[in-house]
Amino acid sequence: MSKNSPGNFFEDFRIGQVIRHATPRTVTSGDVALYTGLFGARFAVQSSDAFAKAIGYPRAPIDDLLVFHFVFGKTVPDVSLNAVANLGYAGCYFRSPVYPGDTLSALSEVIGLKENSSRKTGIVYVRTTGYRDDTPVLEYVRWVMVRKRDEAAPAPGDHVPRLPTVVDPKVLGEACPKLDIKTYDFALAGSSHRFGDYDAGERIDHVDGITVEEAEAQIATRLYQNTARIHFNQYVEGKGRFGRRLIYGGHVISLARALSFNGLANAFHVAAINGGRHVAPLFAGGTVFAWSEILAKAELPGREDVGALRLRTLATRDRPCADFPFKTGDDYDAAVLLDLDYWVLIPR
Amino acid sequence: MSKNSPGNFFEDFRIGQVIRHATPRTVTSGDVALYTGLFGARFAVQSSDAFAKAIGYPRAPIDDLLVFHFVFGKTVPDVSLNAVANLGYAGCYFRSPVYPGDTLSALSEVIGLKENSSRKTGIVYVRTTGYRDDTPVLEYVRWVMVRKRDEAAPAPGDHVPRLPTVVDPKVLGEACPKLDIKTYDFALAGSSHRFGDYDAGERIDHVDGITVEEAEAQIATRLYQNTARIHFNQYVEGKGRFGRRLIYGGHVISLARALSFNGLANAFHVAAINGGRHVAPLFAGGTVFAWSEILAKAELPGREDVGALRLRTLATRDRPCADFPFKTGDDYDAAVLLDLDYWVLIPR
Amino acid sequence: MSKNSPGNFFEDFRIGQVIRHATPRTVTSGDVALYTGLFGARFAVQSSDAFAKAIGYPRAPIDDLLVFHFVFGKTVPDVSLNAVANLGYAGCYFRSPVYPGDTLSALSEVIGLKENSSRKTGIVYVRTTGYRDDTPVLEYVRWVMVRKRDEAAPAPGDHVPRLPTVVDPKVLGEACPKLDIKTYDFALAGSSHRFGDYDAGERIDHVDGITVEEAEAQIATRLYQNTARIHFNQYVEGKGRFGRRLIYGGHVISLARALSFNGLANAFHVAAINGGRHVAPLFAGGTVFAWSEILAKAELPGREDVGALRLRTLATRDRPCADFPFKTGDDYDAAVLLDLDYWVLIPR
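Chains as they are written, first to last, in this note's numbering: chain A, 117 to 464; chain B, 117 to 464; chain C, 117 to 464.
Listed below in structure tokens is the structure:
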């Protein structure tokens, strides 16, 4: 029997199946430095131990999206090595802050399966939880279209789970300790704008653009131990659909988040991701721009320190966002890469 | 009102204005590792905790230029986002060693303003101080040509400060603890040459060349949270003057410093920068070489452990330096990128 | 006298000469993060402090090959700066685990010298030992063809040492503490295959391919403070034999090791390298694949916890390894880059 792993195909999954993913990973200040070098985020809470301590954290927490990428990366060898497409996310929220020295692991439960009519592929729904020891730090549902090994194999299940379209504000504070906002230094954080300064419907151009290099994307994606082949293997991808390696979709999310500092400097914590769509693929050489709309605002039960903004952030390729490119009718503007719906916390 | 920041224009500055810059940044061993990977410096004091401890440091200090880049990076969004050109530095010296775990912040005072005759731009002089908590770790003056938002706006001031052409040797020891040179292992440091072995007027070819890749320069510049757009945005720069992204001038300084190990292996501490000129832009693909001249030597008051060498280091592009390329008449050799005048400390 | 170092030429070496290499280097979690980003290794012992502690390590040890690269890098300025070719390794084994915070240094003894008949070059054999303080952590013999400065110079010695073709299994456990395999979590490690599941003669395709970017290779090689010019200087190499920079041979070894996780996930410790041959050069843009053969198995004296597999791992360029490309007659397949013979430890 072969010792190498071909990954799971659609017919290998079962509803209720629980997968403990390899490889556990201790997150360190080295990961933080590399993440900063790759994306250039400037949110003060994650950048400075002193700033974080002043408001009530024990030290600077790990960037939320870095936690997401680590957990997501662990699921790839088991869930999406034979994926055709990553279709969506739902119910993603952060449940506990992560600090350097914490070891992350991940576990997924298969909660839905739906064969496609072609019988060549099927959709797998998994609920993944990231852990620090036994403490959940992150939870999300993801669905992905996976190839069948054998088209003639019977469908392993037929159930589409009901999924929330938005994460309930009452859980948004779980990964954010109670803060002392009197000691939050807005000048040092880079902006004076607080919860009360943003209005639903407001649009913000994040102005800057960042060009992506192949080496950057590969280093980032390997840092998360994400093994999806399409990101690393030019020999194979050169003969494939795009003729080149695809940039990991999470790379675009992290770039958009870093760009969003210009306009959302105090939105220091990504509390939840309601949903997201990778509208178009990104390749090295493309320049990513972003803009955001405030979709809604929410108070957090029992919290006077922070409030939540629901944001839609659009990332584009080679297309500045001063005029907020989005859709023409039902179709996305051709430059749109990402349409992300998420909650951030910001001081009140 | 827009939430994003367009940066300051010339008419936004005032003499005496004090700017507290975002974002505070805790420096870690992760930053050190990445800096080593990007530049390959080999100075033993910064490379080895054991070596540093043996001579009297509590542990290996952060590379001086890395401290400079962090502090400089913080000033960009406030001072030079709308800059046309970075014109010069003066009076730059290091005031306290920085170690992993220290959090750096920066503050600038506007000390000079001079509108150009075109009235389209003006020169802004700032004195910037980098801090660890309340302790100054670095101070320098920088002047930069900044665009006006509105050409018709009145000049916000008219004063050109007097600046030192050289940093006084009496402050050069501030960021270097008293060392026990008997325990300084010259073999381990890579050279037997001490203060007494160098003569004013001596020239040293640093021999090696390093080719710069776009990804390296972007990762480095983001590590410092430097947001100058010209380094990151190929979409915009592709339509601009050079047709491509410009490598951050500080990248060339760090490369030249790393190359200078071959000939100056014991010059472990950059104590001050008297002045510097970015003579020509560097783009990815260029190979950087360097050579140095000993301009002067200085003893430090009350210090038997170390002496100071005043160096001029020239960096070139695609041009080996065995014959010390410099100027033809008043003009720099076409290959020269950088002309840096600085003080280093070296064991006596 | 020039302050810069031209490196040693063949006639500069003497049998019995001992060289203490610069620069000592404290290894940190920053180095580990960068190494993970560059190669994407997923072995649980090196990735997770929690996993390592559970089985008996004090924390996650540094990847063995990273230790090798650090020690090797230190020898370059003294041993191989004027090398024509890196000819081979023998008797390489790890003697003590290395952890973040340890400072590494290196010492080499010249154990053989043999002038080539052309009198233009000679072969230098060195035994190099890497140390943490006074504790050896790694030992190996390497031989390299070095240019003469002066063809007329007499040969500095004439002795070819006898070298082992394989490292004795009795030393293979030196850098691996006694482990509690009952607490080794095979699911978390990514595979159920143990010592007993592998058979001599078995071949494993590691399936995936990784394309190498110039920036990645330069960052890695500088991280090790390896100064070999051929890896960094496009200006010079552009006029040279290959027209481009050569990827450090150790980069291929690390890629092959990372790829080998897919099929050898529990082979967590590289205990020794019996020998290795860089069959062909690698350049940026090439995609590296790998496969392994189990050459032999060995029990370790007094150890019930782990056993040793002797592996031959072949790395190829732009050539998947499903059919195990190796040799045609005496000649290697044109795609082969690396033929590495080494011992790994794996739970019993």
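Yeah, the Cβ is synthetic: ideal placement off N, Cα and C, and Gly gets one too.
Does the distance from the C-beta atom of residue i to that of residue j stay below 7 Å?
i         : j         : result
ALA387(C) : LEU288(C) : yes
VAL187(C) : ALA222(C) : yes
VAL257(C) : SER196(C) : no
TRP459(B) : HIS322(B) : no
GLY189(C) : TYR340(C) : yes
THR432(B) : ASN349(C) : no
VAL200(A) : THR244(A) : no
ALA176(C) : LEU304(C) : no
PHE210(C) : ASP249(C) : no
LEU453(B) : ALA336(B) : no
ASP165(C) : THR142(A) : yes
VAL253(A) : VAL283(A) : no
GLY228(B) : VAL183(B) : no
ILE389(C) : TYR205(C) : yes
VAL328(C) : ILE297(C) : no
ALA400(A) : ALA157(A) : no
PRO140(B) : PHE126(A) : no
ILE320(C) : ASN232(A) : no
PRO436(C) : ASP449(C) : no
Since residue i is in the beta strand (DSSP E), which residue starts that stretch and which ends it?
i         : result
PHE405(C) : 403–415
ILE239(A) : 237–248
PHE210(B) : 199–210
LEU430(B) : 422–433
ASP321(B) : 319–321
VAL134(A) : 134–142
Could you spell out where the alpha helix (DSSP H) holding residue i opens and where it closes?
i         : result
PHE167(A) : 165–171
VAL148(B) : 145–155
GLU353(B) : 350–353
VAL368(B) : 365–375
ALA303(C) : 302–305
HIS185(B) : 180–191
With 16 other CB atoms within 10 Å as the buried threshold, where does residue i fall?
i         : result
HIS385(B) : buried
VAL134(B) : exposed
PRO270(C) : exposed
ARG357(C) : exposed
PRO463(C) : buried
PRO174(C) : exposed
SER145(A) : buried
SER163(A) : buried
PRO216(B) : buried
GLU332(B) : buried
LYS355(A) : exposed
Just list the residues that DSSP pairs residue i with in beta bridges.
i         : result
ILE326(C) : VAL404(C)
ARG393(A) : ASP455(A)
GLY228(B) : TYR241(B)
HIS347(C) : In the DSSP output, where bridge partners are listed per residue, HIS347(C) has none listed.
LEU362(C) : Looking at the DSSP assignment, LEU362(C) forms no beta bridge with any residue, so it has no partner.
TYR448(A) : LYS443(A)
ILE462(A) : GLY423(A)
THR299(A) : None; THR299(A) has no bridge partner.
THR251(A) : ARG248(A)
What residues from chain E crowd round residue i, counting only those whose CB sits closer than 8 Å?
i         : result
ARG158(B) : Here chain E cannot be found, since the structure's protein chains are A, B and C.
Check whether the Cβ of residue i sits closer than 6 Å to any heavy atom of the ligand ZN, and report yes or no.
i         : result
PRO270(A) : In the structure on display, the ligand ZN does not appear, and there are no ligands present to speak of.
| query | Closer than 9 Å, Cβ to any Cβ of chain C: which residues of the segment 306–338 of chain A, in chain order? | reply | GLU329, GLU330, ALA331, GLU332, GLN334, ILE335, ALA336, THR337, ARG338
| Taking a cut of 8 Å between CB atoms, which residues from the segment 166–177 of chain C lie near chain A? | ALA166, PHE167, ALA176
| query | For the segment 127–148 of chain B, which residues have a beta carbon sitting closer than 7 Å to at least one beta carbon of chain A? | reply | ARG136, ALA138, THR139, PRO140, ARG141, THR142, THR144, SER145, GLY146, ASP147
| What are the residues of the segment 423–451 of chain C that lie near chain A, defined by any Cβ-Cβ distance shorter than 9 Å? | ARG433, ASP434, ARG435, PRO436
| What are the residues of the segment 367–393 of chain C that lie near chain A, defined by any Cβ-Cβ distance shorter than 8 Å? | ASN378, GLY379, LEU380, ALA381
| field | Contact residues within the segment 349–360 of chain C, judged by C-beta distance below 7 Å to chain B | value | ASN349, GLN350, TYR351, VAL352
| What are the residues of the segment 254–278 of chain B that lie near chain A, defined by any Cβ-Cβ distance shorter than 7 Å? | none
| Closer than 7 Å, Cβ to any Cβ of chain A: which residues of the segment 285–309 of chain C, in chain order? | ALA303, LEU304, ALA305, GLY306, HIS309
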